[in-house]
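Numbering (my numbering), first residue to last: 1104 to 1439. Positions of the beta carbon are idealized from the N, C-alpha and C atoms, including for glycine. Here the structure is a predicted model, which means the values were calculated and not measured. I have placed the structure first, in the form of structure tokens, so that the comments after it can refer back to it.
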Ligand SMILES: Cc1cc2nc3c(=O)[nH]c(=O)nc-3n(C[C@H](O)[C@H](O)[C@H](O)COP(=O)(O)O)c2cc1C
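Encoded structure:
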């Protein structure tokens, strides 16, 4: 089964990096952007309340233009709040706004948003309509294939059909159920079984919709194969833990030469200089880069320097440059 993309909104969704709280902050996104210039990046989830009531909206929404195209993921279930939040966010230059209907944490459930909304498609419909009215940018949904004892066949079809009445047609689907009681958010990303086939069937039966597959994708060959079957793929943990896969996938999709890890490291050190000058510290940046040399002989050394040592040297961006040079020579020695 191969699905052909009908959407023509100028956004390339072949390779997306998932929203991840506490992980995909602006420094992480800058790093991912260097690795994959063609990828569509997502913010961490920001609640509509935080956007509407914060004294400092900038803190949640400001980003480096280099991160774009960038999708803002919002959480909420009150149409008027979401409307206001998107209005406020409009001027920040996001390419798309995404509603979180997939996150199963207790905090999210008590606020009546996230994955529990899969059981309330009418509310999601109203939310999406309100978001749509607030912007001319695309609106999308990120959801699971179901929650609790919801039927993954009729339940997902019903959800997608109902919320599509808003006119939105872009769905990022984490291909496993969320179990709303008894499992931690982390367990909810591993214990419910993956069902890529279910998402593929949804895409095949709804060719007018843009369906992006998410969940458990980490093998390059498998990902490339899925990219040809779906409108795109969304990587979460693999992008974070083995970030160089983003560069490999970008190179594969565009035919451009693979960027060198040392080049990425140099550019991140230059970026760190700016962040440090503005009052930030080195570890805020390097904590996202620990997996860059995974699979190479210098990987452990890199992780230690950028993890533990970076904490002790908060203004020393040369730590990135020098460690990358050493990792490179370790790798060369191994080859020689
Ligand atoms: C640390 C972490 C934080 C996450 N935060 C969010 C979030 O804010 N919003 C969301 O929709 N999903 C969130 N997720 C779920 C991911 O977006 C993704 O759907 C999930 O990890 C499955 O993809 P993967 O198997 O490629 O990691 C988070 C995942 C992780 C690991």
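Subject >> Classification of residue 1300 by the beta-carbon crowding that lies within 10 angstroms, buried from 16 upward >> reply: Counting other Cβ atoms within 10 Å of its Cβ, residue 1300 stays below 16 and is therefore classed as exposed.
**OP:** Measure from the alpha carbon of residue 1228 to the alpha carbon of each residue in 1154, 1179, 1256, 1248, then state which is nearest.
**Re:** In terms of CA proximity to residue 1228, 1179 leads the group 1154, 1179, 1256, 1248.
**OP:** Return the first residue and the last residue of the alpha helix (DSSP H) that residue 1265 is part of.
**Re:** Where residue 1265 is concerned, the enclosing alpha helix (DSSP H) stretches over 1257-1266.
**OP:** To the nearest angstrom, report how far apart residue 1253 and residue 1233 are at their CA atoms.
**Re:** Those two C-alpha atoms are separated by around 26 Å.
**OP:** Figure out for me which residue from 1412, 1340, 1174 has the closest Cα to the Cα of residue 1193.
**Re:** Of the candidates 1412, 1340, 1174, the one whose C-alpha sits nearest the C-alpha of residue 1193 is 1174.
**OP:** Measuring alpha carbon to alpha carbon, tell me which of 1171, 1204, 1276, 1153 ends up nearest residue 1188.
**Re:** Per the Cα distances, 1153.
Original post:
Which value, in whole angstroms, describes the spacing of the CA atoms of residue 1422 and residue 1141?
Top reply: Note on geometry: alpha-carbon atoms of residue 1422 and residue 1141 lie some 28 Å from one another.
**OP:** Using beta-carbon positions only, say whether residue 1337 and residue 1275 come within less than 8 Å of one another.
**Re:** Result yes, Cβ atoms of residue 1337 and residue 1275 sit closer than 8 Å.
**OP:** Report whether the distance from the Cβ of residue 1176 to the nearest heavy atom of ligand 1 is below 7 Å.
**Re:** True, at least one ligand heavy atom lies under 7 Å from that Cβ.
Subject >> residue 1199 - partner residues in DSSP beta bridges >> reply: DSSP lists 1174 as the bridge partner or partners of residue 1199.
Subject >> Closest residue to residue 1279 among 1268, 1267, 1298 (Cα-Cα distance) >> reply: Relative to residue 1279, the option among 1268, 1267, 1298 whose CA is nearest is 1298.
Original post:
Going along the chain, which residues of its own chain have a beta-carbon closer than 7 Å to the beta-carbon of residue 1108, five neighbours each way excluded?
Top reply: Bear in mind that the predicted position of residue 1108 carries a pLDDT of just 48, short of 50, making it too unreliable to give a figure here.
Original post:
Relative to ligand 1, is the shortest distance from any of its heavy atoms to the C-beta of residue 1122 smaller than 7 Å?
Top reply: Yes, since a heavy atom of ligand 1 falls inside the 7 Å radius drawn around the Cβ of residue 1122.
**OP:** Determine which residues share a DSSP beta bridge with residue 1246 and list them.
**Re:** Bridge partners of residue 1246: 1204, 1276.
Subject >> Any non-hydrogen atom of ligand 1 closer than 7 Å to residue 1148 Cβ >> reply: Distances between the C-beta of residue 1148 and the heavy atoms of ligand 1 include at least one below 7 Å.
**OP:** With a threshold of 16 other CB atoms inside 10 Å of the CB of residue 1207, please say whether the residue is buried or exposed.
**Re:** With a 10 Å radius around the Cβ and a threshold of 16 neighbouring Cβ atoms, residue 1207 comes out buried.
**OP:** Counting only the same chain and skipping the five closest in sequence on each side, list residues whose C-beta sits under 8 Å from that of residue 1190.
**Re:** Closer than 8 Å at Cβ, skipping near neighbours: 1237, 1238.
Subject >> Nearest-angstrom Cβ-Cβ length linking residue 1195 and residue 1218, presumed shorter than 8 Å >> reply: Wrong, their Cβ atoms sit about 26 Å apart, outside the cutoff.
Original post:
How many Å lie between residue 1118 and residue 1322 at the Cα?
Top reply: Approximately 14 Å between the Cα atoms of the pair.
Original post:
To the nearest angstrom, how far is it from the Cα of residue 1264 to the Cα of residue 1272?
Top reply: Separation of residue 1264 and residue 1272 (C-alpha to C-alpha, rounded to the nearest whole angstrom) is 10 Å.
Original post:
When the distance is taken between beta carbons, is residue 1367 closer than 8 Å to residue 1395?
Top reply: Yes; because the gap between Cβ atoms is below 8 Å, this pair is in contact.
Original post:
CB residue 1091 to CB residue 1122, shorter than 8 Å?
Top reply: Given a span of 1104 to 1439 for the chain in the structure shown, any question on residue 1091 remains unanswerable.
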